[in-house]
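Note sheet for the following structure.
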Amino acid sequence: MTEFAPDELIVIRGRGRVSALGLLPVPADTSVSPFTAHTTGPAVAALPPAAEATLAELRRSNAAYRQLDRTVLLGLLAARQATAAAGWRSGGLLNSGVGESEDCQPTTPPTHHSANPPLAVSIGSSRGATGRLEEFHTGFLTDGTVPVAASPLTTLGNVASWVAYDAGSTGGAALSHSSTCSSAFQALGNAVAWLRAGMATRFLAGGTEAPLTDFTLAQMQVIGIYSPYEAADWPCRPGAGRPSTFVLGEGAAVFALEKVSRPQLAAEKSEEPVFVLEGVGFGFEAIGSKTGLSADGQHFQQAIRQALAQARLTPADIDAVVLHSPGTPAGDAAERAALHAVFGDALPPLLSNKWLIGHTLGASAALSLDFALHVLETQQWPASPFATDVASRTPRPVRRILVNAAGFGGNAASVLVACL
Numbered sequence: 038m039t040e041f042a043p044d045e046l047i048v049i050r051g052r053g054r055v056s057a058l059g060l061l062p063v064p065a066d067t068s069v070s071p072f073t074a075h076t077t078g079p080a081v082a083a084l085p086p087a088a089e090a091t092l093a094e095l096r097r098s099n100a101a102y103r104q105l106d107r108t109v110l111l112g113l114l115a116a117r118q119a120t121a122a123a124g125w126r127s128g129g130l131l132n133s134g135v136g137e138s139e140d141c142q143p144t145t146p147p148t149h150h151s152a153n154p155p156l157a158v159s160i161g162s163s164r165g166a167t168g169r170l171e172e173f174h175t176g177f178l179t180d181g182t183v184p185v186a187a188s189p190l191t192t193l194g195n196v197a198s199w200v201a202y203d204a205g206s207t208g209g210a211a212l213s214h215s216s217t218c219s220s221a222f223q224a225l226g227n228a229v230a231w232l233r234a235g236m237a238t239r240f241l242a243g244g245t246e247a248p249l250t251d252f253t254l255a256q257m258q259v260i261g262i263y264s265p266y267e268a269a270d271w272p273c274r275p276g277a278g279r280p281s282t283f284v285l286g287e288g289a290a291v292f293a294l295e296k297v298s299r300p301q302l303a304a305e306k307s308e309e310p311v312f313v314l315e316g317v318g319f320g321f322e323a324i325g326s327k328t329g330l331s332a333d334g335q336h337f338q339q340a341i342r343q344a345l346a347q348a349r350l351t352p353a354d355i356d357a358v359v360l361h362s363p364g365t366p367a368g369d370a371a372e373r374a375a376l377h378a379v380f381g382d383a384l385p386p387l388l389s390n391k392w393l394i395g396h397t398l399g400a401s402a403a404l405s406l407d408f409a410l411h412v413l414e415t416q417q418w419p420a421s422p423f424a425t426d427v428a429s430r431t432p433r434p435v436r437r438i439l440v441n442a443a444g445f446g447g448n449a450a451s452v453l454v455a456c457l
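Each residue of the sequence shown is one higher than the one before, starting from 38 at the first, in my numbering.
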């Protein structure tokens with residue numbers, strides 16, 4: 038296993054997100070469920086009205102954006118926040134108060150400043166341009182025709198390339214990843230590898246997903262994992278046991294990454310918290326069922342141990358875990374079994390944000406990482422209104438967090454993030 042050079046750090050310079058909580062990492066009001074009922078009946082975690090208006094304005098801001106899939110637009114929205122927070126460009130969607138207000142309005146992206154080094158992009162999405170693909174297919178079944186733009190607007194590469202375009206990237210790579218629900222961490226891991234190899238100096242990396250279509254919802258329901266609870270009754274309940282409480286959500290989170298040396302970071306003398314990606318691990322288990330996993334979460338164990346080894350850390354160094362835990366009894370139990378295998382009896386507090394934003398598929402890992410950064414920054418997070426093993430507090434300050442993700446097909450990924 039390759040270990041990271043101890044004097045080279047991958048720093049998160051800025052971040053952005055959008056979800057059922059709007060542009061906020063946690064809800065301003067925890068007394069009301071952020072879930073709503075989809076037109077077909079089941080509960081979903083959809084964008085609230087203010088964020089929906091912001092997304093609509095983004096679509097109108099550029100004639101080319103009016104044809105883009107919702108997945109792409111969510112990625113643009115989060116990426117604009119991240120680049121603005123990193124100070125990588127003037128103007129843009131938000132200023133230094135990125136993500137803390139829903140009053141922001143998007144603008145046409147500014148021109149790229151040649152003084153900046155090339156900006157590379159790595160974005161994960163499980164299903165990509167879901168809405169547009171289904172629209173084009175419906176049209177084809179209706180009248181037998183397909184628009185010229187159908188293919189370029191629905192390829193997976195369409196996601197990262199538009200994020201790169203909107204960010205003003207010239208000369209950097211634009212990489213799209215799809216590995217089911219760990220897609221965002223696959224994208225993040227690739228960005229980290231490129232940065233450490235010297236193949237790039239700045240990266241926008243994260244995940245985006247807009248899967249709230251009739252067809253996608255039907256796919257999730259037929260698997261038999263969808264929550265029976267109403268939208269107002271906190272339908273997604275990770276760690277609560279039976280029944281299964283999977284709820285589909287939409288959203289995106291993107292991070293502005295740079296590689297810096299410890300002396301360089303010390304010379305900056307910033308009073309703001311510095312977030313460092315210390316390890317990115319991956320796991321895979323070859324099992325016959327592509328929707329199942331081993332009872333002891335072998336892929337989780339592999340990913341966690343790989344991330345720890347890269348960072349030269351032990352389980353005792355971890356202060357909290359942000360779970361993948363989608364609310365499915367088998368999946369939740371397997372992840373906890375894996376954590377017990379790695380941590381033994383010294384299991385750190387378990388955290389989750391899926392009970393607030395649902396399972397956003399390819400964006401879920403990125404939104405979990407964003408939640409972890411919020412916890413590191415504020416030492417606070419909301420307590421769930423239902424019985425669960427997810428912690429409402431920790432016995433000590435949280436300085437380093439393990440974040441897990443997993444998806445269909447037996448893959449898993451884990452990220453270690455710390456606040457210096």
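C-beta atoms are modelled at their ideal positions from N, C-alpha and C, and glycine is treated no differently. Quick caveat, the model's predicted, so the values are computed rather than measured.
query	result
Cβ-based burial, ASN112 [other Cβ within 10 Å; buried from 16]	The question names Asn, but residue 112 in the sequence shown is Gly. Classification for GLY112: buried.
Contacting residues, own chain, Cβ-Cβ under 6 angstroms from VAL109 (five flanking each side not counted)	VAL196, TRP199
Burial state of ARG50, where buried means 16 or more other Cβ atoms lie within 10 Å	buried
One or two residues paired with THR73 in a DSSP bridge	VAL81
For GLN258 and PHE252, the rounded distance between their alpha carbons	10 angstroms
Spatially closest choice to LYS391 from ALA304, PRO43, SER70, by CA coordinates	SER70
Segments assigned beta strand (DSSP E), at least 3 residues, entirely inside the region 230–299	239–246, 288–298
Short Cβ contact (8 angstroms threshold) for LEU453 with ARG437	yes
Bounding residues of the alpha helix (DSSP H) (the contiguous stretch that carries GLY176)	167–180
Whether SER163 touches THR217 by CB criterion (8 angstroms)	yes
ALA237 CB to nearest heavy atom of the ligand ATP below 7 angstroms	Absent from the structure shown: the ligand ATP. Ligands present: none.
Residue interval of the beta strand (DSSP E) (run including ASN448)	448–456
Closest by C-alpha distance to THR73, when choosing among GLY286, ARG430, ASP354, ALA157	GLY286
Between the CA atoms of PHE445 and GLY325 - distance to the nearest angstrom	11 angstroms
Supposed contact pair ALA370 and SER331 - C-beta distance, whole angstroms, cut 8 angstroms	The pair is not a contact, with the Cβ atoms about 11 angstroms apart (cut-off 8 angstroms).
Local conformation of HIS396 per DSSP, three classes	strand
Proximity to GLY244 [Cα-Cα], best of LEU232, PRO265, MET236, PHE222	PHE222
Limits of the unbroken alpha helix (DSSP H) element including VAL317	Per DSSP, VAL317 belongs to no alpha helix (DSSP H); it is in the beta strand (DSSP E), 312–321.
Minimum C-alpha distance to GLY318 - residue among ASN448, LEU95, ALA374, PRO62	ASN448
Other residues of its chain near PRO363: CB distance less than 7 angstroms, five sequence neighbours each side excluded	PRO275, PHE283, LYS391, HIS396
Whole-angstrom distance between ALA428 and ILE260, CA atom to CA atom	29 angstroms
Spatial distance of ALA242 from ILE341 (CA atoms)	20 angstroms
Cβ pair SER264, ALA80 closer than 8 angstroms	yes
Contacts around THR67, its chain only, beta-carbon distance under 6 angstroms, and the 5 residues preceding and following it disregarded	PRO419
Option in LEU345, ALA323, GLY124 with minimal Cα separation from HIS336	ALA323
Contacts around THR425, its chain only, beta-carbon distance under 6 angstroms, and the 5 residues preceding and following it disregarded	GLY276, ALA277
Short Cβ contact (8 angstroms threshold) for ILE47 with VAL313	yes
DSSP three-state assignment for SER188, whether helix, strand or coil	helix
Coil, strand or helix - SER162 by DSSP	coil
Simplified DSSP assignment, three categories, for ASN441	strand
Cutoff 8 angstroms; reference GLY368; Cβ partners in own chain excluding five residues on either side	LEU330, HIS361, SER362, ALA443
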